[in-house]
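Chains as they are written, first to last, in our numbering: chain A, 4 to 486; chain B, 2 to 213; chain C, 4 to 616.
Okay, so here's the structure we're looking at.
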Amino acid sequence: MLIYLVLLINAFCAVVPWLTRRHQAMGAVNIAGHLAAFVLVLVQIAVLGAPGRLDSYFCADALSLFFIFTIATVNLAAALYSKDYIAGEVGEGLIGEGTAKLYYSLFNIFTLSMFLVTLVENLGLMWVCVEMTTLASAFLVGFHTTKKAIEAAWKYVIICSVGLVLALIGVILFYYALNTGTGAKTLNWHDMLLHAGNLDPHIVKIAFIFILVGYGTKAGLAPMHSWLPDAHSQALTPISALLSCVLLKTSVYAILRFMVITNKAVGVSYAADLALLFGIISLGVSAAFILVQKDIKRLLAYSSVEHIGIIFVGIGIAGPAGTFGALYHVFNHAVTKALMFFAAGSVAKKYGTHNMRNIRGVIAAMPFTGTFLLFGVFALGGLPPFSIFMSELTILSGAFVQGRYLISGLFMFFLAVIFGALVHHFSGILFEKKPKEIAAESEPMATKTAFIMLGGFMLALGLGIPAFMVKLLHAAVNILTGI
Amino acid sequence: MWTHILTVGLLFSVFLMAASKRLGALIRAFRFQSLMLALLTASFARHSDDLELWVITVMILFIKVWLIPRHLEKITAEMSSGENMGLVLNPPMSVIIVTVFGWLIYSFSDSVIGGMSGDARLNFSISFLTIFTGFFLMVFRLKALAQIIGLLVMENGVFMLASSISDGMPFIVEIAVFFDLFVLVVVAGIFVYRIKGLFTHIDVSRLTRLKG
Amino acid sequence: MIPSITGNFAFLSDPLSLFFVFVIFLISAPAAIYSAGYLKGDYSGGKIKLAWLLLALFVLSMLAVVSASNLVLFLIFWELMSLISYFLVIFDSGHKKSIQAGTVYIVMTHFGTALITAAFLIMYRYTHSFDVLAVKEAAYLIPDSAKGAVFLLLFFGFGAKAGIVPLHIWLPMAHPQAPSHISSIMSGVMIKLGIYGIIRFAVFTMGISHLWQGEIVMILAAVSCLVGVIYALMEHDIKKLLAFHSVENIGIILLGVGGSMMFLVMNQPALAVFSMAAGLYHLVNHAIFKGLLFLGAGSVYKATGTRDMEKMGGLIKLMPQTAFAFLAGSMAISALPPLNGFISEWLTFQAIFAGALKSAGNGVMFWITAASALALTSGLAAACFVKAFSVTFLAAPRSEKASEAKESPFSMTAPMLFLAGLTLFFGLFSPQILRVMAQVAGATLGIDTQNMKFSVLNYGVTSGLENAGAVSGWLVLAALVLLGLAAFFGLRIFYGKQRFTAGRTWGCGYYASDSRSEYTATAFSKPFRIFFSFFLMPYRKTEKATHGGYHLKYFKYETHTTPFFRTFFYEPAVAASFRLAKKVRRMQPGSIHLYLSYIFAVIILLLVFRGKF
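Okay, here's the thing in structure tokens:
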């Protein structure tokens, strides 16, 4: 089973940094490991198909594999970007070689825990793995011991842990419902799904609220999102990408698993309406914050809140179109946001500031990064021919077909406002005259590879989804819609 | 009968926590609460004669009654930031709020999960009250350590909820949760040190550089 | 599922699409040739290559838009076209004004696209297909209320691109900032694609079933005409002036299209075809002369370094070919016979009068009002171009730069003269061209035009009266040439060759007279400013500096008009959004305790209200 190999590779890469001395070697091994993992996942999906339940602990059905694919892709990009990023930090004396070891090790523990979330069958163990991701990434967020970073890390740990306690309550309530309903004493997802029809709907409704709010805190749904802008903006750039693009999605995955059970127990509209409510609130809140934002990485963090909102609107619309669009959006947003974070991180580093008012003329100063930033902005705003446009259009078509005009109107309105804000902020950053002190220089090879890879995905998926991915998505949608 | 006494003891620990002004008192109340929890679990273990429950009792005693409070007391001593927790609401007010909420939880517990026996309803309410108290500590106490303890209290409440309504969770999950809790305290503890180092105080209400 | 580009690449090739393809090529080709000369010398080599790439992509995207046979594909290419034109608008990226103009442009066009997307998805909801022809077949499945909503969404969505009032404000910002050959294509072709969208989707695919649809189109068209021309009169940035005239001419085109919509409901198929043909004729005419005028403005800008008319003058002697071409364009846009502008406006008038004749009661007033609006617009447009041409080209240069202007190279003058020739061609050969337009209109409206006979002078079906009163274009051309030669030689005979006389002192001030005593553009437009002051709300600012309170050092006088839509609608809306956003921002003040309480509040609220879900 190739997925086990992937886990082993991640564990191995977590240990290697302690055995090597030079950060360049650590970086290279990291890239090699994640490239191997990515290829393995690709082979598994394209060639071998989804094996389904593996044993009593692991489950690798289509839904899991789709999320695993997303994680593996962004991991590879982050590994590519990390190599030069850490090399730069060590070179400038911002961190020492020992700290670089710590970084690479934690990086891989973090990615390992994220893979585990999507692989475990037992819902209680899934909770433990999600908590592990919080703890593994806490140090990565507070990596630079600056006041802002530590403040961000503290808020991140505390707020997410509170959220997860609420999620644990939800897990217990589901367990209780299963106990009283059928006498079964298991937290395995497949078993729970089997008996879902016999669960007491009142208990399940309450349990799902705790799950949604609890895991929703970790997923970045407003109004529980308050840790997000701080943590994602203060973390190291490759970690910001991992946080925004993958970690949020693993929490979405957890919510989705519970949603399948809830839908069977109480009907589809309950969970869907809740998801819709939170989705629209997230869109509204993020639109307001993006409009008046000054910090470039905080802006991207709020954009993540927005896109999680879009995913939840898709989940809330449900049906084949909405669910397909939401899952598709999980991948598209991951790839596009990673690109944006990398580009913005490079820009912020070069200009020495996060404040957007002080960054001007990026296209002139950093042509390669600037061009990708330019396309990333338009991709993020939902313009064709990029992939986010297609997933948003899919979700919208689902909404219109159901005649939900108010939701669609709000959805389009907030997206339009955010688009305007993005163009307003980034046109000043990218164009206009560059300050004289900034000299043009070219980016290193690994970073360029990361950009090209992500940009390629962004564009290719906008033009058409490859066949194996369509198959995987349809299988995942079937799991979610209970067919 | 013993279970009733222990349950009342738990309720008492909740009020103790709400009324505490200093970190030392809070940690002692937490110890007391965890002890009550351990004894409760022991009595369940005796009734059901389940080996796993004995293991869990031992783990509670080891981790929550001894290890974690000792770790926290060590950190408190090194912080030397004054034992005062930084109260947003004074102790009498806190106790009143916790009481009112306890009453609210009890009255609504029937509508939440209908048809519970009196005992079960009591346990259910107390566990939710413990969770609420943990939350209360996190929101209305200013020092970082109080927030950690608040988290731990919430987890205690969750454990109590699990044991009262569903005889605990599958063994492997319980063990994993314990382990997780321990790592959380260690990690949070490290961060408290860092905060103290950078800010020279651990008053988290003053950590407001990141806004907007 | 949503079709993707790689999956559903198919094209329409009906007369409407082919007509627009023709218009695109007709204007893009001269503009491309023009750009070779225009860009040289002012931009670096790399930037020129970028300009060519963007131009090619721009034209390709426009071609794809008018031939896409699938709604989603149409949306994709529509947005691509907007994106590429955005890059072209901000081409002079060093200037803040360019960036600002670009932002306003792309945000407004994105807003329009959102409306169009909503309309398409409603159509998809009822017809279960994204293919244009399939939707057309299944259009009867769409309920009436939805059809009305779709019409409005399409009209305003495409109207944002076309520049209909009140969605026009991006036009006078973006068109001046773009390089002139791009302004020419944007004004000449791109905004017409908004009209294409309205015709293709609202008329062709959905069908017109109510009178109010045509009425709204005509009302907004008339308003656009007047607003456009009044603002144009006040402008002395030559490209902004031309941009406002585009707003006006879109209004004229839409008078024809709207009239056609009304005739369809009034059960007058021949008049519907005629009115639509008039609209399409004006579309291609405007493309020609507006394209020409923008190229001319570009030449003037390149030669003098300024777009401000008040600093130009006397260019007719220095840039004779450009002046001649610009004159042809000005005459065409002012609707002077025998050029093309006259023909299409004349046809539009006829369509409107026909509508008045076929209506009763209040309906007659409606059509007459439209006709009066058109008449007023024509007059004002003529006045405006008298100002534009004379202040720019006649009299003496008003600034040093203007006096040093040189004629543009052949690559720039040749396309302009070609387009100028086209204005004459499209004017002289109007019967034939009208027949082609009628065929296009008929194919679009689904009306058989085989037996209809149109002539320029007579509307409607005239059996046996075809070409009655219309003369062959060649004859008119010959007559014009003879008349011109006669006038030239007559003047020569009567007044002799141009003589110069030299005079000396006691010239009574004539020697010291220079450009400062010439008519300024502001002065020329003052009567109009006074007349329309209820709408323009002009205000003046004066500043006086004196030596010690007695001797005047200088006196500064500024007069401004208030941009109506920006001041009363757009700027308040944007400011309000920022204010609201700042209020929302207060929910993230940095206090972790507050953040935790949010989570608590959410849980409590959901538990209390869970019955509502």
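Ideal Cβ placement from N, Cα and C applies to all residues, glycine included.
On a predicted model such as this, the values are computed, not experimentally measured, just so you know.
Among the CB atoms of chain B, none fall inside 9 Å of the CB of GLN324/C. In the DSSP assignment, GLU175/B falls within the unbroken alpha helix (DSSP H) covering 172-200. Listed in chain order, the non-local C-beta contacts of PHE141/B below 6 Å within the same chain comprise VAL89 and LEU90, local neighbours out to five positions each way being set aside.
Residues of chain A whose Cβ lies closer than 9 Å to the Cβ of PHE200/B are, in chain order, LYS150, ILE153 and GLU154. Counting the other CB atoms within 10 Å of its CB gives PHE23/C a total of 16 or more, which places it among the buried residues. Taking 9 Å as the cut-off, the beta carbon of PHE327/A is found no closer than this to the beta carbon of SER390/A.
Across the set MET189/C, SER72/C, PHE534/C and ALA67/C, the C-alpha of ALA67/C shows the shortest separation from the C-alpha of LEU83/C. Here HIS98/C carries a coil assignment [DSSP, helix/strand/coil]. Between VAL295/A and chain B, the shortest Cβ-Cβ separation is below 9 Å. Judged by beta-carbon spacing, GLU435/A lies beyond the 9 Å limit of ARG360/A, meaning their Cβ atoms are not closer than that value. Contact between VAL133/A and LYS221/A holds, since their C-beta atoms are separated by about 6 Å, short of 8 Å. PHE161/C is positioned such that its CB atom lies no closer than 9 Å to that of ASN73/C.
Secondary structure at ASN335/A: helix, using DSSP grouped into helix, strand and coil.
TYR178/A belongs to the set of residues whose beta carbon lies under 9 Å from a beta carbon in chain B. Note on geometry: alpha-carbon atoms of THR307/C and SER186/C lie some 18 Å from one another. Note that the C-beta distance between GLY217/A and ASP276/A is not below 9 Å. Across the structure, LEU239/A and ALA35/A are spaced so that their CA atoms are roughly 21 Å apart. Contact check for THR149/A against LEU208/B fails: the beta carbons are separated by 9 Å or more. Contact of SER95/B with chain C by beta-carbon distance below 9 Å is absent, the smallest such distance being about 14 Å. Membership of PHE329/C in the alpha helix (DSSP H) is indicated by the continuous run 323-336. Taking each of GLN405/A, ASN13/A, GLY52/A and LEU413/A in turn and checking the Cα distance to MET4/A, the smallest one comes out for GLY52/A. Within the model, the alpha-carbon separation for GLU410/C versus ILE255/C is close to 34 Å. By the rule that beta-carbons nearer than 9 Å mark a contact, GLN34/B does not touch chain A.
GLY97/C counts as exposed, since fewer than 16 other beta carbons sit within 10 angstroms of its beta carbon. At least one C-beta of chain A is nearer than 9 Å to the C-beta of ASP181/B. For GLU561/C, the enclosing beta strand (DSSP E) starts and ends at 554-563. Within the same chain, Cβ atoms closer than 6 Å to the Cβ of LYS158/A are found at TRP230 and ASP233, the five residues on either side in sequence being excluded. At a cut-off of 9 Å between beta carbons, TYR598/C contacts chain A. Checking the DSSP bridge columns, you'll see TYR542/C partnered with HIS563/C.
Cβ proximity to chain B below 8 Å picks out PRO232, ASP233, SER236 and GLN237 from the stretch 229-260 of chain A.
Around the beta carbon of ARG407/A, 16 or more other beta carbons lie within 10 angstroms, which makes this residue buried. Rounded to whole angstroms, the gap between the alpha carbons of SER212/C and VAL226/C is 23 Å. In the DSSP assignment, ILE28/B falls within the unbroken alpha helix (DSSP H) covering 24-49. In this structure, DSSP gives PHE14/C an extended state, which the three-state scheme calls strand. Take the alpha-carbon of SER67/A and the one of LEU57/A: they are about 12 Å apart. Only TYR273, ASP276, LEU277, VAL288, ALA291, PHE292, LEU294 and VAL295 from the stretch 272-298 of chain A bring a Cβ to less than 7 Å from some Cβ of chain C.
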